[in-house]
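Here's the structure we're looking at; comments come further down.
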Amino acid sequence: MRTRSLRTRLVAAMLLLLALASTVIAVVTTIVLRQYLMRQLDDGLRVASRVIIRNDGTPSSPDAIFRSPRPPDSLTAVIRQGAVVDAQVYPRTGGAVPVPATEYADLTALVPDGRAVSADLGTLGEYRLIAATTPRGDVVVSGQSEQQLRGTVTSLVTTELIVAAGVLVVAGIAGAIVVRRELRPLERVAATAARVSRLPLDRGEVSLAERVPDADPRTEVGQVGTALNRMLDHVGSALEARHESEMQLRQFVADASHELRTPLAAIRGYAELSRRGELSADTEHSLARISSQADRMTTLVEDLLLLARLDAGRPLERGEVDLTRVVVDAVSDAHAAGPGHRWQLDVPDQPVTVPGDATRIAQVLANLLANARAHTPPGTRVTVALAADHAGAHLRVTDEGPGIAPDLLPHVFERFARGSSSRSRQNGSTGLGLAIVHAVVTAHGGTVGVSSSPGRTAFDVRLPR
Ligand SMILES: Nc1ncnc2c1ncn2[C@@H]1O[C@H](COP(=O)(O)OP(=O)(O)OP(=O)(O)O)[C@@H](O)[C@H]1O
Ligand SMILES: [Mg+2]
Numbered sequence: 001m002r003t004r005s006l007r008t009r010l011v012a013a014m015l016l017l018l019a020l021a022s023t024v025i026a027v028v029t030t031i032v033l034r035q036y037l038m039r040q041l042d043d044g045l046r047v048a049s050r051v052i053i054r055n056d057g058t059p060s061s062p063d064a065i066f067r068s069p070r071p072p073d074s075l076t077a078v079i080r081q082g083a084v085v086d087a088q089v090y091p092r093t094g095g096a097v098p099v100p101a102t103e104y105a106d107l108t109a110l111v112p113d114g115r116a117v118s119a120d121l122g123t124l125g126e127y128r129l130i131a132a133t134t135p136r137g138d139v140v141v142s143g144q145s146e147q148q149l150r151g152t153v154t155s156l157v158t159t160e161l162i163v164a165a166g167v168l169v170v171a172g173i174a175g176a177i178v179v180r181r182e183l184r185p186l187e188r189v190a191a192t193a194a195r196v197s198r199l200p201l202d203r204g205e206v207s208l209a210e211r212v213p214d215a216d217p218r219t220e221v222g223q224v225g226t227a228l229n230r231m232l233d234h235v236g237s238a239l240e241a242r243h244e245s246e247m248q249l250r251q252f253v254a255d256a257s258h259e260l261r262t263p264l265a266a267i268r269g270y271a272e273l274s275r276r277g278e279l280s281a282d283t284e285h286s287l288a289r290i291s292s293q294a295d296r297m298t299t300l301v302e303d304l305l306l307l308a309r310l311d312a313g314r315p316l317e318r319g320e321v322d323l324t325r326v327v328v329d330a331v332s333d334a335h336a337a338g339p340g341h342r343w344q345l346d347v348p349d350q351p352v353t354v355p356g357d358a359t360r361i362a363q364v365l366a367n368l369l370a371n372a373r374a375h376t377p378p379g380t381r382v383t384v385a386l387a388a389d390h391a392g393a394h395l396r397v398t399d400e401g402p403g404i405a406p407d408l409l410p411h412v413f414e415r416f417a418r419g420s421s422s423r424s425r426q427n428g429s430t431g432l433g434l435a436i437v438h439a440v441v442t443a444h445g446g447t448v449g450v451s452s453s454p455g456r457t458a459f460d461v462r463l464p465r
């Protein structure tokens, strides 16, 4: 079967049902009317027949029967001993007309039991007839033409046909308009979906601004539109997130390449000088520089590798980490590296332990302490406080240095984000330290935060139990 549009099918189904209903109503009313009229006709005939029989008092002449006034379109016949004596019809206009002898058979065949039957009287048409026996033994036939009844029924059927046809035409047009209007939102949904399908979503920054207009969630079609809009919102934000992470990755790769290029250029330069032997006296210095630049590269590559591993969701080593011990060790290392600073330790008497990777957590602390040392002038007080509560461990590194620049503060945990001060630049900082802190703490299911103002910078690390 050919598939037609939903609109056509809806209208066709509606018209079909309407036609069916009209047909049933028409048939039933016609039958009921016809039966009612027929009963009326029969009742009239029966009365007429009884009147004739009562009046038939005169013994000799059946003419008496015909003398009484007859209603229009009626028939009266007298049959004596099986033969028609007289039979006449009384049309609406003009006088009585004799029934043609060819129709006599129909009259004589009647059973005089007072029951009405229909008979076709040739040129006279259909008649309803009742036969009854008079006291004298004659059979009197009373009849009434069915012409009027037929006319009434025919005009009813005609009217019904015309009305039904009109109703169907009007309903068809109105239905088509209503269905078209009701389905318009669905067309909007389809149009939106089609427009979205033509958008280039596979690369670059995409804006998924297409939405189904005026989607009314109270209607079924509106719900489809709303659902599509919600899906587009969802896809839109997913695409945005994808684009953002793609840009971040590109930036990361660019920054990393840039960072690696500087030590590589230095190494190549010193190597070239040593090879030429131009700086024979300083070869030792060159080698020392090469070695330190190689160290810097190694650190950088190791940091990048660690970040990449954490990004990839590589499982950490899981063990019971004695935080108190880690903190004490880290502060003593920091003290050795930065004897100019004033290091203070604030740990509880009870050892604090959390599940996690001891090496990585030690690195978190080392990075924070290295920052407190590198980005504050000598003599600055740095406090490391450790506390434990029901949720886990709380580690805080506070320094009284100059603080983090306000424009850097929101981005301080991003990769390669670092201060522009000469201090940050000169000591070979890369801006990965806090990114690693963030990545390691997050991988442990913890959080890290910072608050900074001149004279007080505090990093808060929370690790869950
Ligand atoms: N305690 C602090 N006081 C002042 N500024 C800080 C402090 N800690 C971090 N910063 C600022 O935040 C920036 C980012 O720190 P981060 O540790 O990520 O990188 P870095 O120390 O510059 O380099 P890296 O740690 O990789 O050698 C630093 O460059 C510095 O400007
Ligand atoms: Mg650092």
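The numbering of the sequence shown is UniProt numbering, which starts it at 1 and goes up by one.
Here a beta-carbon is modelled for each residue, glycine too, at the ideal position from N, C-alpha and C.
Item	Value
Out of curiosity, what's the CA-to-CA distance linking R198 and R314?	39 Å
Would you list the residues sitting across from Q88 in a DSSP beta bridge?	T76 and P98
With a threshold of 7 Å on Cβ separation, who are the neighbours of P213 within its own chain once the five nearest residues in sequence on each side are excluded?	R188
Count Cβ pairs between the segment 439-457 and the segment 361-373 that sit closer than 8 Å; are there 3 or more?	yes
What number of angstroms, rounded off, separates the C-alpha of L316 from the C-alpha of A372?	27 Å
What did DSSP end up calling H444 once you bin it into helix, strand or coil?	coil
Within this structure, are the beta carbons of L386 and T457 separated by less than 8 Å?	no
Could you tell me the distance, in whole angstroms, from the CA atom of A334 to the CA atom of P355?	24 Å
Around the C-beta of H341, are 16 or more other C-beta atoms found within 10 angstroms, so that it is buried, or is it exposed?	buried
Can A337 be considered in contact with ligand 2, in the sense that its beta carbon sits closer than 7 Å to one or more heavy atoms?	no
For E210, which three-state DSSP category applies?	coil
Spell out the partners DSSP gives Y270 in its beta bridges.	Answer is none; Y270 lacks a bridge partner.
Would the beta-carbon of V440 fall within 8 Å of that of L395?	no
On the DSSP bridge list, what partners appear for A458?	T398 and S451
If you draw a straight line from the alpha carbon of P200 to that of A209, how long is it in whole angstroms?	12 Å
So which residues put a beta carbon under 7 Å from any heavy atom of ligand 2, going in chain order?	N367, A370, N371, A374, S429, G433 and L434
Report the three-state DSSP secondary structure of S429 (helix, strand or coil).	coil
Residue range of the alpha helix (DSSP H) that E25 falls in?	Residue identity differs from the one stated: residue 25 is Ile in this sequence, not Glu. L6 to N55 is the span of the alpha helix (DSSP H), which, as asked, contains I25.
To the nearest angstrom, how far is the alpha carbon of G137 from that of R54?	13 Å
Which residues bound the alpha helix (DSSP H) around A372?	A358 to A374
Straight-line CA distance for P217 to I173?	28 Å
In terms of residues, what are the limits of the beta strand (DSSP E) holding I130?	E126 to T133
DSSP three-state call for A176: helix, strand or coil?	helix
In terms of alpha-carbon separation, which member of V382, P454 and H285 lies closest to P409?	The question names Pro, but residue 409 in the sequence shown is Leu. Checking every option, the nearest Cα to that of L409 belongs to P454.
Could you tell me the boundaries of the beta strand (DSSP E) in which R342 lies?	R342 to D346
With respect to the beta strand (DSSP E) encompassing L201, which residues constitute its N-terminal and C-terminal limits?	No beta strand (DSSP E) holds L201; DSSP gives it neither H nor E.
Comparing alpha-carbon positions, which option in G94, E272 and L434 lies nearest D73?	G94
Go through the segment 300-341 residue by residue and report every complete run of the beta strand (DSSP E) that reaches 3 residues or more, in order.	319-322
Taking the Cβ atom as the reference point for each residue, do E146 and L121 lie within a distance shorter than 8 Å?	no
Which residues in the same chain as G222 place their Cβ atom closer than 7 Å to its Cβ, once the five residues preceding and following it in sequence are excluded?	P185, A215 and D216
Out of V157, G125 and D43, which has the shortest C-alpha to C-alpha gap to R115?	D43
Can you tell me whether A288 is helix, strand or coil according to DSSP?	helix
In three-state DSSP terms, what is residue 550?	The structure shown does not extend to residue 550, since the chain spans only 1 to 465, so no value can be given for it.
Give a single yes or no on whether D460 has its beta carbon closer than 7 Å to a heavy atom of ligand 1.	no
In the DSSP assignment, what residue or residues form a beta bridge with P464?	G392
Check whether the segment 158-171 touches the segment 81-93, counting contact only when three or more Cβ pairs, one atom from each stretch, lie closer than 8 Å.	no
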